[in-house]
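Everything below concerns the one structure shown next.
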Amino acid sequence: MLMEFSDEGLRELASQWVESARLPKLFKIYSDTTDYYRIDYDDVVLLGDRPYLVRNNEREGRFGIDEQQKFWVKRAIDLLDGSRKIIKLVFHERFKARVGPLVFDCTRSPAKETRVLQLTGTHPNFMHGFGVQDAVSNRVRVIDFVYGKKLSDLIAGMEMEHSVYFEEVFPGIFERYLDALEAICFLHSNGELHGDIRRDHIIIDRETGVFRWIDFDFIYHHHENRLGYDIFGLGNLLAFLVGKGDATVQELRRVRPDLFARIGKSDLNIIFHNRIMNLKKIFPHIPDRLNSVLMHFSAETEVFYDDTRQFYDDLREVMGSLTPS
Amino acid sequence: MAQSKRILIAVDESENSRNALLYVADILGGFPGFIIILLSVISVPEVDFFDSEEARKEWIREKHASLSELLERYRQVLIQSGFPDSCVLTDIILTKDRPVSSVILEKQEQYDACTLVVGRRGVSRHEEFLFGSVSSKLIHMAARCAVWVIEPVCKSQL
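This is the structure:
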């Protein structure tokens with residue numbers, strides 16, 4: 113049901129959450145969100161019976177590249193209760209995903225993300241929200257804002273020797289990673305995929321410290337190994353956490369040429385050949401069992417994980433070999 | 002009279018599938034006692050890949066039509082190589098979430114095929130890691146049957 117809100121009514125609602133002086137004289141109200149470029153700061157998006165005051169566009173950047181605006185993703189305030197939201201508007205994108213030398217079709221699907229939101233409900237390891245259709249049936253997702261730091265930023269901020277990190281910090285991180293991994297097992301066992309598993313798609317909940325997955329609107333189709341790309345992402349994430357960041361051949365050659373000389377092709381990531389998976393060669397204090405799991409993602413592995421639950425079970429066994437934090 | 006032995010050939014539109022078919026035609030064509038099942042598996046992408054359910058159904062229809070035509074052409078190749086008409090069967094099956102290899106293995110059991118034949122595409126290790134390999138999976142998972150994986154060099158001179 114599309115409720116009507118007068119300018120005065122919206123002002124009264126908005127002034128509860130935003131200083132009146134900062135509110136516009138007239139609100140532009142959108143119930144059709146098709147042209148998301150036009151929807152801007154201080155506009156109101158009406159979805160069903162709830163008005164949302166739009167703030168900034170979300171931004172995303174990776175690997176130090178300047179953050180780019182995602183015009184179809186708006187930060188907003190629910191004017192009825194003041195809660196902060198992320199509103200994801202409909203952006204149909206089909207593209208070729210490139211992973212190392214491999215290329216495959218990928219698509220962005222609002223319907224898929226809505227399904228996953230519904231499936232995961234209030235599961236602590238996922239962002240929470242719901243799907244709603246706008247006035248012209250665009251499938252919009254309204255997501256509760258997750259307060260916290262990206263996992264990638266947490267690791268980037270770790271200024272300590274690896275041995276100290278591994279003994280004192282990593283066990284706690286690993287435990288939470290396992291919970292997040294089990295959450296992906298839950299998705300997979302229910303026939304869904306995350307679709308874009310990466311280190312900046314985990315937010316560390318500011319209140320609970322739980323790792324929460326975000327952004328699962330990507331979908332890909334591989335007819336034989338449906339879970340492969342998700343599992344590959346999980347393996348890369350594990351290596352990132354174990355290594356306290358990416359262990360690259362370039363960096364190793366720069367800082368430890370003696371260790372670099374010992375690295376061979378079999379020690380490298382199966383797809384990203386500049387990343388080292390045999391981390392025990394660099395950090396001897398890494399337990400053998402953990403390193404063995406990492407080596408299933410290396411260039412010359414004979415055995416791949418084709419089931420997330422296998423991967424989880426192997427890592428669960430590793431827990432005992434880590435120093436409790 | 003001895004029961005006919007069933008050979009299931011998994012085919013798609015690839016050159017390596019054609020090689021597998023021609024190999025069977027070359028090796029077994031004209032010999033009595035074999036029933037050949039030509040099987041194609043249509044792995045249907047998630048509904049999210051399509052703009053609408055109608056688009057998805059249209060995709061399936063087109064794929065089915067194209068594979069039906071292919072299987073009939075292949076059926077004729079086998080008949081011309083000496084298999085009786087009644088001994089060459091075709092089957093097309095749709096699957097959504099399951100690996101193609103699982104479907105093939107299920108059909109092998111259903112048909113009680115003593116041999117599975119598949120062409121080898123020759124994927125790289127990292128392709129196999131990310132995308133999987135039907136032939137590798139069949140080799141590892143097939144039970145109570147032989148698996149012939151036909152390399153491109155085995156193709157027939159026909």
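Chains as they are written, first to last, in the numbering used here: chain A, 113 to 437; chain B, 2 to 159.
Where a beta carbon is used, it is the ideal one built from N, C-alpha and C, also for glycine.
Chain-ordered residues of the region 127-143 of chain B with a beta carbon less than 8 Å from chain A: Under the 8 Å Cβ criterion, the region 127-143 of chain B contributes H127, E128, E129, F130, L131, F132, G133, S134, V135, K138.
Spatially closest choice to G303(A) from E47(B), G31(B), S102(B), by CA coordinates: Checking every option, the nearest Cα to that of G303(A) belongs to E47(B).
Separation of E280(A) from E273(A), as counted between CA atoms: In a straight line, the C-alpha of E273(A) is about 11 Å away from that of E280(A).
Closest Cα partner of L346(A) within the set A126(A), A292(A), E205(A): Among A126(A), A292(A), E205(A), the Cα nearest to that of L346(A) is on A292(A).
Residue interval of the alpha helix (DSSP H) (run including W60(B)): W60(B) -> alpha helix (DSSP H) spans 54-81.
Secondary structure of Q245(A), DSSP reduced to three states: Three-state result, Q245(A): strand.
Per-residue burial, T145(A) [other beta carbons within 10 Å of its own, 16 or more giving buried]: Answer is buried; the Cβ neighbour count reaches 16.
Helix, strand or coil at S410(A) according to DSSP, with G and I counted as helix: Strand, per DSSP.
E172(A) classed as buried or exposed, judged by whether at least 16 other C-beta atoms fall within 10 angstroms: When all chains shown are included, E172(A) counts as exposed.
Same chain only: Cβ atoms within 7 Å of F183(A), ignoring 5 sequence neighbours per side: Take F183(A), set aside five residues on each side of it, and the residues of its chain with a beta-carbon closer than 7 Å to its own are Y148, Y149, N169, in chain order.
Within 8 Å, strictly: CB atoms of V130(A) and V202(A): The answer is no: Cβ separation not under 8 Å.
8 Å Cβ cutoff met for D342(A) and H306(A): Inclusion of D342(A) and H306(A) in the CB contact set at 8 Å is warranted, their separation being smaller than that value.
Cβ-heavy atom distance, E294(A) to the ligand PLP, below 7 Å: In the structure shown, the ligand PLP is absent, as is every other ligand, since no ligand is present at all.
7 Å Cβ shell around S41(B) - same chain, five flanking residues per side excluded: The answer, listed in chain order, is V12, D13, L68, L72, I93.
G357(A) versus L263(A), V248(A), I267(A), residue with shortest Cα-Cα distance: When each option's Cα is compared against that of G357(A), the closest is I267(A).
Buried versus exposed, by CB contacts within 10 Å (16 or more), M2(B): Annotation note: pLDDT 47 at M2(B) (below 50); position unreliable, coordinate value reported separately. M2(B) counts as exposed, since fewer than 16 other C-beta atoms from the protein chains shown sit within 10 angstroms of its C-beta.
Cβ-Cβ distance between R206(A) and D329(A) below 8 Å: The Cβ-Cβ distance between R206(A) and D329(A) does not fall below 8 Å.
Chain A contact residues for F84(B), given Cβ-Cβ distances below 8 Å: Within 8 Å Cβ-Cβ: nothing; F84(B) doesn't reach chain A, min ~29 Å.
C-beta neighbour in chain B for G340(A), strict 8 Å: Closer than 8 Å: yes.
Paired residues, beta bridge with W325(A) - DSSP: Here W325(A) is bridged, per DSSP, to F238(A), I314(A).
Separation of M389(A) from L159(B), as counted between CA atoms: Caution is warranted here: a pLDDT of 42 is assigned to L159(B), below 50, making its placement in the model unreliable, and the coordinate value is therefore given only provisionally. Counting only the Cα atoms, M389(A) lies some 48 Å from L159(B).
Sequence-distant residues of its chain with Cβ nearer than 8 Å to C115(B) (five each side left out): Result list for C115(B): K6, R7, I8, C146, A147, in chain order.
C-alpha gap between S136(B) and K108(B), whole angstroms: Taking the straight line joining both Cα atoms gives about 15 Å.
CB contact flag (K262(A), I314(A), <8 Å): Yes, the pair counts as a contact, with Cβ atoms nearer than the cut-off.
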